[in-house]
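In the order they appear, the protein sequences are chains B and Z.
Here the numbering used here runs 155 ahead of the position in the first sequence, where the first position is 1.
Here the numbering used here runs 986 ahead of the position in the second sequence, where the first position is 1.
Virtual Cβ for every residue (Gly too), placed ideally from N, Cα, C.
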Amino acid sequence: MKLHQLKSVFVSSLILLVVVGAHAAEITVFAAVSLTDSLKQITAAYEEESGDKIIFNFGASSTLARQIEEGAPADIFFSADEAKMDGLEKKDLIDATTRKSRLGNSLVVVVAADSVLQIQSASDLTNGSVQKVALADPKAVPAGIYAKSWLEKQQVWLMIGPKVVPTENVRAALAAVESGNVDAGVVYKTDANISKKVKVAYEVPVADAPVISYSMAFVKESKQSDAAKKFLNYLDSKEAGDIFKKFGFSLRN
Amino acid sequence: MTSEEWQIVWFTAWVSALSTLVITPFGLALAWALARRDWPGKSIIETIISLPLVMPPVATGLILLKLFGRRGAIGGFLHDKLDFDIIFTWRAVLLALSVMSLPLLIRSARIAFEEVNPRLEQIARTLGAGNWRVFFTITVPLAVRGIVAGMILAFARALGEFGATIMIAGNIPGKTSTISLAIFQNVQLGEDANAFRLLGVSVILAFAAVWSSEWLLRKTRHRQ
């Protein structure tokens, strides 16, 4: 190969790189921390197929909503409740036409895998043997708000309230149970599924609990509207739905 | 200010003060041993004590969590044998504040002890004073400025502690919530007005701590 040939190979590969680079969009998704494992799996397939790159910011939906209000660069918001999405919609920060209630979930009471505690109902949490109960912060975080509203419905919140250790998000509540530093925790069924260090002591019957609904939408400030909307559609697809179901979510359509 | 906010301010102030009191006897003894004595392992102890000053506070918190958790070496013993819990209680706040502020006290006190002329101590000894008497009537009075400055620095550090506290004490309203934790939570919730009120209080507390230390220093300098 002569020098000028080498040069042209080099230049054309550079051009190719630039072109490919321009097509690969980076999409930033702010998602409820309970979606971590399922979304990562869904994304792995999508990234390969589309060439786009998905960047996640997982956290309590309340924290994420607050960050979006402050102008954090999100393309898609996936909230664990409708209330946080309502808040953003009122402030005209999300595109309401793309908003969709996508997933359902349920609550469980978990204890450490080696715990001997028997929990058969909400009122069992009022027993003296349960000294501390970890919940995602019931003042703000969806998982904690759902749990509190369940315990209020069962009329035991006043007794359990003083035992509550509020955590930053639902996974932190799960971690507190895993470490054994609290006696029990209320988390989503899907969180309990991914941990080997906890066991489900009690599954909250759907009729007793509030309706748990995960909402997703496109963020208006997004600079990646085409790629982001494409990914949002993919999250609504059957393939994605199957993975969500595998992790224990229910589909809400 | 709501009653809940007053409770947070009051709790933060007294648990910070308590942590300063708890670490003072131990801190002074260690500072003196570092300043006046040579012993094997001295440099290692010195380094370990300074670690919380340079490590990320959450990392220090993680170490404490593993040690004092119900499954930890110390916490496990306390829980199983004495039914005594530390993590997620006010004691965890005290522990976090003490560990985080100890290096500041020791550093100031050590320098203060080193500046005391050993000859004065020797003279006192030749006049028949025992070690304790020398320490309390010669060393401490001469080093008091540095000691008090160190205590105030430790107290101020304790007032603002965040990382280690959130790791081991959580943010339990009415139990372990301190000013820093409450400010963070209020901002997270979008309740900036509450955060600003607590911000105001922490500015006043910090101002009072620094100002009173300056005032004490000026007073003692004057006397000398």
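{"Query": "Terminal residues of the beta strand (DSSP E) in which residue 257 of chain B lies", "Result": "249–259"}
{"Query": "Span of the alpha helix (DSSP H) around residue 1061 of chain Z", "Result": "1059–1068"}
{"Query": "Distance, residue 240 of chain B Cα to residue 364 of chain B Cα", "Result": "20 Å"}
{"Query": "Status (buried if at least 16 other CB within 10 Å, exposed otherwise) for residue 400 of chain B", "Result": "exposed"}
{"Query": "8 Å Cβ cutoff, residue 256 of chain B in contact with chain Z", "Result": "no"}
{"Query": "Beta-bridge partners of residue 321 of chain B, as assigned by DSSP", "Result": "B:290"}
{"Query": "Within chain Z, partners of residue 360 of chain B - CB distance below 9 Å", "Result": "Near residue 360 of chain B there are no residues of chain Z at all, since even the closest Cβ is about 29 Å away, more than 9 Å."}
{"Query": "Cβ of residue 1175 of chain Z within 8 Å of any chain B Cβ", "Result": "yes"}
{"Query": "Where the segment 199–221 of chain B meets chain Z: residues whose CB sits under 9 Å from a CB there", "Result": "215, 217, 218, 220 and 221"}
{"Query": "Buried/exposed call for residue 246 of chain B, threshold 16 Cβ in 10 Å", "Result": "exposed"}
{"Query": "Chain-ordered chain B contacts of residue 1074 of chain Z [CB-CB under 9 Å]", "Result": "287, 289, 320, 331, 336 and 337"}
{"Query": "7 Å Cβ shell around residue 1156 of chain Z - same chain, five flanking residues per side excluded", "Result": "1074 and 1162"}
{"Query": "Members of the segment 1109–1122 of chain Z that neighbour chain B once the beta carbon cut-off is set at 9 Å", "Result": "none"}
{"Query": "Residue 1122 of chain Z, buried or exposed, once every other Cβ within 10 Å from all chains shown has been counted against 16", "Result": "exposed"}
{"Query": "Rounded C-alpha distance that separates residue 217 of chain B from residue 373 of chain B", "Result": "17 Å"}
{"Query": "Residue-level contact to chain Z via CB, residue 294 of chain B, 8 Å cutoff", "Result": "yes"}
{"Query": "Stretch pair the segment 270–278 of chain B + the segment 226–244 of chain B: three plus CB contacts closer than 8 Å", "Result": "no"}
{"Query": "7 Å Cβ cut-off: residues of chain B touching residue 1157 of chain Z", "Result": "321"}
{"Query": "Option nearest residue 1064 of chain Z by Cα separation, candidates B:228, B:336, B:261 and B:347", "Result": "B:336"}
{"Query": "Proximity of residue 257 of chain B and residue 391 of chain B at Cβ, strictly below 8 Å", "Result": "yes"}
{"Query": "C-beta neighbour in chain B for residue 1055 of chain Z, strict 8 Å", "Result": "yes"}
{"Query": "Of the listed residues B:278, B:283, B:299 and B:259, nearest to residue 309 of chain B (C-alpha basis)", "Result": "B:278"}
{"Query": "Distance between residue 286 of chain B and residue 1013 of chain Z (C-alpha atoms, nearest Å)", "Result": "35 Å"}
{"Query": "Whole-angstrom distance between residue 382 of chain B and residue 208 of chain B, CA atom to CA atom", "Result": "10 Å"}
{"Query": "Completely contained alpha helix (DSSP H) runs for the segment 1065–1103 of chain Z, where each covers 4 or more residues", "Result": "1076–1101"}
{"Query": "Residue 334 of chain B in three-state terms, based on DSSP", "Result": "coil"}
{"Query": "Helix, strand or coil at residue 354 of chain B [DSSP, three-state]", "Result": "strand"}
{"Query": "Helix, strand or coil at residue 188 of chain B [DSSP, three-state]", "Result": "helix"}
{"Query": "Length-filtered (4 minimum) alpha helix (DSSP H) runs lying within the segment 1002–1033 of chain Z", "Result": "none"}
{"Query": "According to DSSP, residues forming a beta bridge with residue 267 of chain B", "Result": "B:353"}
{"Query": "Separation of residue 1048 of chain Z from residue 1062 of chain Z, as counted between CA atoms", "Result": "16 Å"}
{"Query": "Three-state class that DSSP yields for residue 212 of chain B in the structure shown", "Result": "strand"}
{"Query": "Cβ neighbour criterion (16 or more within 10 Å) applied to residue 1005 of chain Z", "Result": "buried"}
{"Query": "Residue from Z:1072, Z:1176, Z:1044 and Z:1045 with nearest C-alpha to residue 1056 of chain Z", "Result": "Z:1072"}
{"Query": "Backbone secondary structure at residue 1121 of chain Z - three-state DSSP", "Result": "helix"}
{"Query": "Three CB pairs or more closer than 8 Å across the segment 1079–1098 of chain Z and the segment 1140–1150 of chain Z", "Result": "yes"}
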